[in-house]
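Under UniProt numbering, the sequence shown is numbered contiguously, ending at residue 273.
First up is the structure itself, then whatever we jot down about it.
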Amino acid sequence: GSTGKPKGVMVTHGNLLHNASVVERYCEHPLEGAHSVMWLPLYHDLGLIGGVLQPLYAGYESTIMAPTTFLQRPYRWLQAVSNRKATISGGPNFAFDLAARKVTEEQKASLDLSHWEIVANGAEPVRPDTLQRFADAFASCGFRPNYFYPCYGLAEATLVVSAGKKGVAPSIHPFDGAALEQNIAQVADSNEVNARTLASIGQSQPDQTVIIVDPSSFTQCPADRVGEIWVAGPSVAKGYWQRPVETKETFQAYLSPDDEGPFLRTGDLAKWM
């Protein structure tokens with residue numbers, strides 16, 4: 001429901017198990033002994049899976065706080081990460097902006113973020129200026145910007161579709177803003193007036209197929225074109241509860257001209273990087 005009228009997504013037990021294995025692979029090591037902090041609500045896919053189901057699957061501890069606890073005082077989120085020596089935590093892009101703006105220098109003096117290894121940024125567009133602002137704001141707390149994990153996902157694919165690589169700083173690229181408006185991905189100089197800087201949302205796992213498609217022709221886009229993200233694989237849900245028309249439109253897309261599919265149409269735009 002983040003981008004439209006809320007719909008019930010039919011996520012199977014198999015979907016959950018597969019996506020949990022995907023998350024564990026992105027973390028690149030067994031998660032026993034890890035500790036996560038989650039403030040997102042449990043009716044949010046990231047809150048439910050990241051805060052409850054993934055810890056159960058992988059066998060690590062999780063600290064859960066109410067969303068209002070974070071929103072009223074963003075310092076509490078980072079305080080929990082520091083006090084619990086959490087290795088996993090994150091949230092939507094706005095959370096990092098809010099923390100960078102609201103946490104005071106006095107509060108920063110009490111924080112140790114040096115053990116934070118997986119800093120997930122997802123559930124809304126990842127903004128490079130936010131990553132830089134947060135990294136600068138908490139450098140004195142031991143925060144390591146190369147542990148940012150830009151992620152992309154949606155409930156229709158259980159949770160995660162793609163993510164960054166552990167210990168590798170996010171890939172940032174400037175593009176010509178006017179060309180992007182025409183769905184053309186043209187690399188630009190970062191100093192150009194119309195330059196628009198975008199962050200990579202990583203790669204998918206080998207057992208999931210992600211393609212970029214022209215939504216008007218249903219053909220795959222060349223590398224320099226912006227198109228719609230289509231997904232196929234074991235994490236793609238069965239459809240929408242009691243919504244057969246929307247299920248067919250979203251979950252049963254086929255490529256032209258060979259009718260390869262079915263794919264999940266995400267409605268989100270991207271290009272290969």
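The beta carbon of each residue, even a glycine, is placed where N, CA and C say it ideally should be.
This structure is a prediction, so every number in the text was calculated from the model and none was measured.
Would residue i and residue j be called neighbours here (beta carbons separated by less than 8 Å)?
{"i": "Thr87", "j": "Ala20", "result": "no"}
{"i": "Leu264", "j": "Ala157", "result": "yes"}
{"i": "Lys108", "j": "Phe138", "result": "yes"}
{"i": "Pro67", "j": "Leu48", "result": "no"}
{"i": "Arg133", "j": "Ala95", "result": "no"}
{"i": "Ala123", "j": "Leu42", "result": "no"}
{"i": "Ile184", "j": "Asp224", "result": "yes"}
{"i": "Ser82", "j": "Ser36", "result": "no"}
{"i": "Gly239", "j": "Met10", "result": "yes"}
{"i": "Pro234", "j": "Gly50", "result": "no"}
{"i": "Ser190", "j": "Pro174", "result": "yes"}
{"i": "Cys141", "j": "Leu180", "result": "no"}
{"i": "Leu255", "j": "Thr219", "result": "yes"}
{"i": "residue 275", "j": "Gly59", "result": "The structure shown has nothing for residue 275, since the chain only spans 1 to 273."}
For residue i, which three-state DSSP category applies?
{"i": "Phe175", "result": "strand"}
{"i": "Cys141", "result": "helix"}
{"i": "Tyr152", "result": "strand"}
{"i": "Ser162", "result": "strand"}
{"i": "Asp259", "result": "coil"}
{"i": "Leu98", "result": "helix"}
{"i": "Gly197", "result": "A small fix is needed here, since residue 197 is Thr in this sequence, not Gly. Thr197 falls in the strand class under three-state DSSP."}
{"i": "Gln252", "result": "coil"}
{"i": "Gln208", "result": "coil"}
{"i": "Gln220", "result": "strand"}
{"i": "Gln132", "result": "helix"}
{"i": "Gln203", "result": "strand"}
{"i": "Asp45", "result": "helix"}
Rounded C-beta distance between residue i and residue j? I'm assuming under 8 Å.
{"i": "Ala199", "j": "Ala188", "result": "With a Cβ gap of about 15 Å, Ala199 and Ala188 do not count as contacting."}
{"i": "Ile212", "j": "Gly227", "result": "4 Å"}
{"i": "Pro125", "j": "Leu98", "result": "About 15 Å separates the two Cβ atoms, so there is no contact after all."}
{"i": "Gly8", "j": "Trp230", "result": "Their Cβ separation, rounded to whole angstroms, is 22 Å, which puts Gly8 and Trp230 out of contact at 8 Å."}
{"i": "Val23", "j": "Val160", "result": "6 Å"}
{"i": "Asn121", "j": "Phe148", "result": "6 Å"}
{"i": "Pro128", "j": "Ala135", "result": "Incorrect: roughly 11 Å between the Cβ atoms, too far for contact."}
{"i": "Thr209", "j": "Ala232", "result": "4 Å"}
{"i": "Leu78", "j": "Val103", "result": "6 Å"}
Considering residue i, what are the terminal residues of the alpha helix (DSSP H) in which it resides?
{"i": "His18", "result": "13-27"}
{"i": "Tyr147", "result": "That residue, Tyr147, is in no alpha helix (DSSP H); it is neither H nor E in DSSP."}
{"i": "Leu71", "result": "67-72"}
{"i": "Val81", "result": "75-83"}
{"i": "Glu106", "result": "105-108"}
What does the Cβ neighbour count give for residue i, buried or exposed, with the cut at 16 atoms within 10 Å?
{"i": "Thr247", "result": "buried"}
{"i": "Val168", "result": "exposed"}
{"i": "His44", "result": "buried"}
{"i": "Leu269", "result": "exposed"}
{"i": "residue 282", "result": "Absent from the structure is residue 282, since the part of the chain shown begins at 1 and ends at 273."}
{"i": "Pro150", "result": "buried"}
{"i": "Pro6", "result": "exposed"}
{"i": "Gln205", "result": "buried"}
{"i": "Thr130", "result": "buried"}
{"i": "Lys85", "result": "exposed"}
{"i": "Ser162", "result": "buried"}
{"i": "Pro92", "result": "buried"}
{"i": "Pro222", "result": "exposed"}
{"i": "Leu154", "result": "buried"}
Taking the beta strand (DSSP E) that residue i falls in, what are its first and last residues?
{"i": "Glu228", "result": "227-232"}
{"i": "Thr87", "result": "Run containing Thr87: none; DSSP gives neither H nor E here."}
{"i": "Glu269", "result": "According to the sequence provided, residue 269 is Leu. The question's Glu does not apply to it. From DSSP, the beta strand (DSSP E) with Leu269 extends over 264-270."}
{"i": "Ala120", "result": "118-121"}
{"i": "Met38", "result": "35-38"}
Return yes when at least one heavy atom of the ligand GTP lies under 7 Å from the C-beta of residue i, else no.
{"i": "Glu181", "result": "For the ligand GTP, the structure offers nothing, since it holds no ligand at all."}
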